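> Would you mind keeping the following structure in view while I ask a few things?
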Amino acid sequence: MSEILDRQMGAVRYLSFNRPGKMNALTRNMYAQLAQALKDAAGDFAVRAVVITSQGDHFTAGNDIVDFMDNPPTSESSEVATFLGALLNFPKPLIAAVKGNAVGVGTTMLLHCDVVVAAPSANFSLPFVSLGLVPEAGSTFLFPALVGYQRAAKIFLTGESFDADTALDMGLIAQIAHDADAAATAIAEQIADQPPQAVINTKALLKARNHDAVASVMQAEFEIFALAVQSDEAMEAFMKFMAKKGSK
Ligand code: COA
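Numbering-wise (the working numbering), the sequence shown opens with residue 1 and increments by one.
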């Protein structure tokens, strides 16, 4: 069974993280599949909206830490960089349905979505600094722009997590729904019924103001990330995670 489920229902494409035994932690292979699916969806006239969702109780625990250690993403052609580029440039509406943990890229990818619905169980965290890394996906630009510098700095620098109510208050999500998947589907179907070119044009206009700035911040983040992921600080944090795993 694929670790990214990719299915189309009507005019809506659903991409679902499917590695629940590892809390849907994302591997290089999963990023590559996601990037390819977004590319296909962008060019497919039958797709009018994409829903990003997950199997099991959690959205994703972020990048797979074992993969980080074995194959640190150090080049701009890495799978994660390709996925983040595809996300930044995706022209059609992206709706996310979040439940449980949304760690790291599980939260930063939401900054690129057009509508995010979260279940009350959702818990968001950006523990890049705690892992000896730096935030990615343009989040050092997009997150303070959304929530204000101080709130963003506090969350990034302390590594503290926040719940669905806080995310709603911040504007990171559009609504809380007990069944986030059903709510995301209803929104995607409603958008898919709208005149498609007007939808695409409106999304382009909404994103235009920040697009180039986000692209250049993403590049700067990536350059520092590529060094950080191989640093002693990161290795120490990864080993701590592995030790916790081993002691269970
Ligand atoms: N990479 C690889 N495996 C991961 C993972 C990750 N990012 N997050 C969770 N997993 C795996 C665990 O190793 C465990 O697998 P195992 O049963 O084979 O050992 C399984 O998923 C369940 O995770 P577990 O840690 O037992 O759940 P928990 O409820 O105790 O803790 C978290 C949940 C999210 C707090 C914890 O898993 C964690 O800190 N994960 C790392 C998150 C992270 O730092 N991501 C990178 C962001 S850049």
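Glycine included, every Cβ here is placed at the ideal spot set by N, Cα and C. Quantities reported herein were computed from a predicted structural model and do not represent experimental measurements.
Below 6 Å, is the gap between the Cβ of Val103 and the nearest heavy atom of the ligand COA?
Yes, the Cβ of Val103 comes within 6 Å of a heavy atom of the ligand COA.
> Any idea if Phe222 is buried or exposed, counting beta-carbon neighbours within 10 angstroms, 16 or more meaning buried?
With 16 or more other Cβ atoms within 10 Å, it is buried.
> Would you call the segment 70-84 and the segment 117-129 in contact, with 3 or more CB pairs under 8 Å?
With the cut-off at 8 Å, the segment 70-84 and the segment 117-129 do not touch.
> Would you check if there are 3 or more beta carbon pairs closer than 8 Å linking the segment 37-48 to the segment 4-23?
Contact holds: three or more Cβ-Cβ distances are below 8 Å.
> Could you tell me which residues DSSP pairs with Asn18 in its beta bridges?
BP columns for Asn18 are empty, so no partner.
> From Ala234 to Gly21, what does the alpha carbon distance come to, in whole angstroms?
If I take the Cα positions, the gap works out to 24 Å.
> Taking Leu110 and Leu146 to be in contact with their CB atoms under 8 Å, please state how far apart those CB atoms are, rounded to whole angstroms.
Incorrect: roughly 10 Å between the Cβ atoms, too far for contact.
> Where does Gln33 land, buried or exposed, given buried means 16+ other C-beta within 10 angstroms?
Buried is the call here.
> Would you check if there are 3 or more beta carbon pairs closer than 8 Å linking the segment 21-31 to the segment 57-71?
Contact holds: three or more Cβ-Cβ distances are below 8 Å.
> Can Ile65 be considered in contact with the ligand COA, in the sense that its beta carbon sits closer than 6 Å to one or more heavy atoms?
Yes, since a heavy atom of the ligand COA falls inside the 6 Å radius drawn around the Cβ of Ile65.
> Measuring only the C-alpha atoms, how far is Ala180 from Lys99?
Those two C-alpha atoms are separated by around 7 Å.
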